[in-house]
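Okay, so here's the structure we're looking at.
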Amino acid sequence: MSINEPKRGAIFVLPFYNTNRKKAKDGQISSSRSSLRSNRIPYLNWVPDNVRNHFVATSAEFAGTTLFLFFAFSGTQVALLSSSGNAPNVVGTTSDPNQLLFIALSFGFSLAVNAWVFFRISGGLFNPAVTLGMCLVGALPYIRSICLTVAQILGGITAAAICSALFLGPLTVRTNLGGGTSVIQGLFIEMFLTAGLRHFHARSREAQRNFYSPSRDWPFLSSSPNSQVHIL
């Protein structure tokens, strides 16, 4: 199918878009004056660039976190509701490996797809712990980190609300300690797993200075440690 090339610099081609670019093509004004400001929505040209950038990144992080957790929660809901019993784990019992693998892959593939879509806009962090780590090492400014953290929390709440409304039965995506695991043990398990996930994100974003880090493929590769974390 033959289609025209999409217009650059605009989300949708509306009647009031690209007016300066058209004039520049006709020779009425110089092409240097034609900029991205001509593609903004009317009456919003007064918004500063930093505010607009924070708004775009926050909106993308909210949408990405919502989609990521919605598909992950949906897979978890289907896996747990289709099992014969949803009783809590007790000491001496084994978990269903098929159920664990289904849940882990749901989180992994959902993260891979959504991180690949949104990582050029907001970074595709989708995790307040990762956002805090990026902020502490100076990779993110504090204002952007606060905006992204709020967006991630709201995205998680939105995804859980959508799953609760769409699927029958109780919401089964709650995190519970396994049989015999104390709160202190769960704290250290979560701490080490989060540290490993954070280390992978930090290493995968350093390809410009280090050939070891696969930053171009990090949205795809990040699904692997994410799946391992959710298996545990």
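At position 165 of the sequence shown (counting the first as 1) the number is 164 in numbering that gives the first Met the number 0, and the numbers step up by one without a gap. C-beta: ideal position from N, C-alpha, C; glycine also. Just so we're clear, the structure is a prediction, and the values are computed from it rather than from any experiment.
Counting other Cβ atoms within 10 Å of its Cβ, G132 reaches 16 or more and is therefore classed as buried.
By the criterion of at least three beta-carbon pairs nearer than 8 Å, the stretch 178 to 188 is not in contact with the stretch 94 to 106. In terms of Cα proximity to A158, the closest of D48, F72 and T57 is F72. In the displayed model, T193 falls within a helix according to three-state DSSP.
Counting only the Cα atoms, T171 lies some 8 Å from L80.
Across the set T148, F61, F67 and S121, the C-alpha of F67 shows the shortest separation from the C-alpha of L104. In the structure shown, L135 falls within a helical segment according to DSSP collapsed to helix, strand and coil.
Judged by beta-carbon spacing, I142 lies within the 8 Å limit of H53, meaning their Cβ atoms are closer than that value. Within a 10 Å sphere around the beta-carbon of V129 sit 16 or more other beta-carbons, which makes this residue buried.
P140 carries a coil assignment under DSSP once its states are collapsed to helix, strand and coil.
L167 counts as exposed, since fewer than 16 other C-beta atoms from the protein chains shown sit within 10 angstroms of its C-beta.
Residue state for D48 is assigned as helix, using DSSP reduced to three classes. Out of R51, P47 and G123, the CA that lies nearest to the CA of T65 is found in G123.
DSSP places P96 in the uninterrupted alpha helix (DSSP H) bounded by P96 to F117. Contact between L147 and T57 holds, since their C-beta atoms are separated by about 6 Å, short of 8 Å. F125 places its beta carbon 8 Å or farther from that of G195. In the displayed model, V172 falls within coil according to three-state DSSP, outside both helix and strand.
Shortest Cα-Cα distance from F118 to any of Y42, V55, P169 and V50 involves V55.
A residue is called buried once 16 or more other Cβ atoms fall within 10 Å of its Cβ, and S109 is buried on that count.
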